[in-house]
Amino acid sequence: MWNRRRGTFLEDLAAAGVTPEQVDYVVITHMHVDHVGWNTRLVNGAWVPTFPNARYVFPGEEWQFWKHENERGADEYGCIDDSVLPIVASGQAMLVDDTHRLDRWLAFEPSIGHTPGHVSVRLTTGAREAVFSGDLMHRVVQVAEPQWSSRFCYDGKQAAQTRPRVRRAPRRHRHADPRRALPAPGRDRARARRPALPSDRLGGGLERPPRPLATGDQRTIRP
Ligand SMILES: [Zn+2]
């Protein structure tokens with residue numbers, strides 16, 4: 512599965528001139544199995560952080576939800592056990608609010624529905640902006656039919672409310688492009704008008720776990 516894959520990820524990283532020790536931040540949009548793989552790797556029978564010097568930035572809402580799901584045995588892939596809990600155990604997890612700003616260029620934005628704490632990450636440079644939109648969309652058809660949610664969405668109704676706001680985003684966000692996550696070749700033909708992500712606070716309709724964090728709070732999780 513996505514959390515236990517073998518592949519050339521680290522070799523590809525090395526080819527780009529980056530060693531695991533050089534990575535200082537790992538940013539998590541949500542904790543589905545295909546988005547937490549390579550957080551860790553198996554060394555001598557134990558799952559350890561792939562990036563020993565990094566802080567792993569978790570949306571607090573997302574962490575609380577999946578912690579709860581894991582504790583009640585509802586993580587069907589076991590990815591919280593092998594790809595998230597070892598990060599917590601190592602003291603490298605940094606729990607943040609869904610509007611957390613990592614630095615002057617990178618900031619979280621809530622884009623909930625796909626999961627209860629799903630966030631997107633906005634990159635702002637002096638020239639342009641881009642948004643890493645996680646699983647805001649899964650298929651090209653959602654560009655034309657943003658009210659259609661996939662079966663992977665935790666709250667399809669909420670996700671359906673979030674996506675149209677992406678299409679109505681202001682012009683200055685025109686380089687935010689959720690189609691990047693879509694499969695080829697459809698993504699190349701998809702036409703979304705100025706897609707971007709809303710600054711949307713968590714709305715109603717979700718069955719949410721307790722949220723112990725105050726707005727703007729951040730902390731390192733201790734095991
Ligand atoms: Zn997902």
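Residue numbering for the sequence shown follows our numbering, beginning at 512 and increasing consecutively.
A virtual CB, placed ideally from N, CA and C, is assigned to each residue, including glycine.
Exercise for the section: Assuming G624 contacts D609 (C-beta within less than 8 Å), just tell me the rounded distance between them. Expected result: Sequence index remark: in the sequence shown, residue 624 carries index 113 (1-based). Sequence index remark: in the sequence shown, residue 609 carries index 98 (1-based). So it is not a contact: roughly 13 Å between Cβ atoms.
Problem - Nearest-angstrom beta carbon gap, Y536 and A557 [assumed within contact, 8 Å] - result: In the sequence shown, the residue the question calls residue 557 occupies position 46. In the sequence shown, the residue the question calls residue 536 occupies position 25. Between Y536 and A557 the Cβ distance is about 23 Å, and since that is not below 8 Å, they are no contact.
Problem - Assigned secondary structure, L524 (DSSP; H/G/I helix, E/B strand, else coil) - result: For the purposes of this step, residue 524 is identified with residue 13 of the sequence shown, where counting begins at 1. DSSP places L524 in helix when its eight states are reduced to three.
Problem - Inter-residue spacing [alpha-carbon to alpha-carbon] between A735 and R517 - result: With the chain running from 512 to 734 in the structure shown, residue 735 is simply not present.
Exercise for the section: With a threshold of 8 Å, establish whether the CB of T626 neighbours any heavy atom of ligand 1. Expected result: If you number the sequence shown from 1, residue 626 lands on position 115. Yes.
Practice task
Using the beta-carbon of each residue, find all residues closer than 5 Å to any heavy atom of ligand 1 and list them in chain order.
Solution key: H543, D646
Problem - W755 - containing beta strand (DSSP E), residue span - result: The chain is shown from 512 up to 734; residue 755 falls before or after that span and cannot be answered.
Exercise for the section: Drop a sphere of 10 angstroms on the beta-carbon of L647, count the other beta-carbons inside from all chains shown, and report buried for 16 or more, exposed for fewer. Expected result: The sequence position of residue 647 within the sequence shown is 136, counting from 1. Its Cβ being crowded by 16 or more others within 10 Å, L647 is buried.
Exercise for the section: Could you tell me whether the segment 659–674 touches the segment 635–645, using the rule of 3 or more Cβ pairs below 8 Å? Expected result: Of all C-beta pairs linking the segment 659–674 to the segment 635–645, fewer than three are shorter than 8 Å, placing the two stretches out of contact.
Practice task
Look at the Cβ atom of P560, then the Cβ atom of H541, and state whether they are nearer than 9 Å.
Solution key: Locating residue 560 in the sequence shown gives position 49, counting from the first residue. Locating residue 541 in the sequence shown gives position 30, counting from the first residue. Result no, Cβ atoms of P560 and H541 do not sit closer than 9 Å.
Problem - Where P621 sits in the DSSP three-state scheme - result: Indexing the sequence shown from 1 puts residue 621 at position 110. When secondary structure is reduced to three states using DSSP, P621 falls in the strand class.
Exercise for the section: Determine, using beta carbons only, whether G548 and W513 come nearer to each other than 9 Å. Expected result: Locating residue 548 in the sequence shown gives position 37, counting from the first residue. Locating residue 513 in the sequence shown gives position 2, counting from the first residue. Yes; because the gap between Cβ atoms is below 9 Å, this pair is in contact.
Practice task
Tell me whether F520 is buried or exposed, calling it buried when 16 or more other Cβ atoms sit within 10 Å of its Cβ.
Solution key: Within the sequence shown, the letter at position 9 stands for residue 520. Note on F520: under 16 other CB atoms within 10 angstroms of its CB, so exposed under the neighbour-count rule.
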